[in-house]
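Participant:
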Amino acid sequence: MTKTLMTFGDSNTHGTPPIQKRGVYARYGRETRWPTVALADLGSDWELVEEGLPGRTAAYADPTMGPHMNGQLGLRIALESHGPIDVLTIMLGTNDLKAHFGLTAEGVAAGIAGLLAIANSEEYQTRHSGFEVLLICPPLVLEQGPISDVFYGAAAKSAQLAPLYAGLAAHWGAKFLDAGQHIGPSQIDGVHFDADAQIKLGHAVAAAL
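Be aware that the sequence shown starts at 1, since it is given in the UniProt record's numbering, and climbs by one per residue.
(1) Measuring CA to CA, which of ASP149, THR16 and GLN20 is closest to ALA26?
(2) Of the residues LEU5, GLY93, ALA170 and VAL108, which one's Cα is nearest the Cα of GLU50?
(3) Looking only at its chain, what residues have a beta carbon closer than 8 Å to the beta carbon of ALA170, apart from the 5 residues adjacent to it on each side?
(4) Report yes if the C-beta distance between GLY93 and ALA58 is below 9 Å; otherwise report no.
(5) Going by alpha carbons, who is nearest to HIS203 out of TYR28, TRP34 and GLN20?
(6) Which term fits GLU143, buried or exposed, when burial requires 16 or more other beta carbons within 10 angstroms of its beta carbon?
(7) Find the nearest neighbour of ILE147 within the set SER11, LYS21, VAL205 and CYS137, judged by alpha-carbon distance.
(8) Considering only DSSP beta bridges, list what THR4 is partnered with.
(9) Would the beta-carbon of TYR165 fall within 9 Å of that of ALA109?
(10) Can you list, in chain order, the residues of its chain whose CB lies under 6 Å from that of LYS200, leaving out five sequence neighbours each side?
(11) Where does PRO138 land, buried or exposed, given buried means 16+ other C-beta within 10 angstroms?
(12) From this set, LYS3, ASP45, MET91 and HIS14, which residue's C-alpha is nearest LEU195's C-alpha?
The following block contains the structure:
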């Protein structure tokens, strides 16, 4: 019986390479993006729904990128657009660290708590006949490169996220993966993953599932 994996996240789930110049759109191919790498590891009895949106936050409309960046709205749309699914991965929080949100690490985690509440709600669990959740904590943010001003102050706060995410996963009965134990961001922009990191994360996610 075929199982379906939905990967819900931001640009690092979409497959955006490190930014060298703002305003240039790029995306890794299927052989590199971590969701498709994970799918290949899981085998032919799995299907994939990729739901990575560059700029997506866990819980907030973005004042420069738009209201559709709110992941809580996006998750509802994704869960009502696709299905049934068997496993949902959530990897968000990096964009919530942007300076213009002014959030603490606990504030970022609060947005993740909202996503877990939506995913585990009776409405969506019933709609999909039950599905598991894998919560992935993004790796550290480095304040360097062409988008360093956007992520001013993010490095210290990102270092506090893993135990907060782990606690939320335990509370909601979700699986947990700390991506920072496997990969780090590119030195080019301090946020996005290089190709090797995308591939390594894909293998780690498949192993966690």
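The C-beta atom is built at its ideal place from N, Cα and C for all residues, glycine as well.
The model shown is predicted, which means the values in this text are computed figures rather than measured ones.
Facilitator: In short, the structure shows the following:
(1) The shortest C-alpha to C-alpha distance from ALA26 to any of ASP149, THR16 and GLN20 is the one to THR16.
(2) Closest in alpha carbon position to GLU50, among LEU5, GLY93, ALA170 and VAL108, is LEU5.
(3) Once the five neighbours on either side are set aside, the close Cβ partners of ALA170 are PHE176.
(4) Contact: yes.
(5) Nearest of TYR28, TRP34 and GLN20 to HIS203, Cα basis: TRP34.
(6) If you draw a 10 Å sphere on the C-beta of GLU143, you find 16 or more other C-beta atoms in it, and that means buried.
(7) Measuring from the Cα of ILE147, the nearest candidate turns out to be LYS21.
(8) When DSSP reads this structure, THR4 sits in a beta bridge with GLU47.
(9) With a cutoff of 9 Å on beta-carbon distance, TYR165 and ALA109 are scored as near each other.
(10) The answer, listed in chain order, is HIS182 and ILE183.
(11) Answer is buried; the Cβ neighbour count reaches 16.
(12) Sequence check: residue 195 is Ala here, not Leu. If we check each option's Cα against that of ALA195, HIS14 comes out closest.
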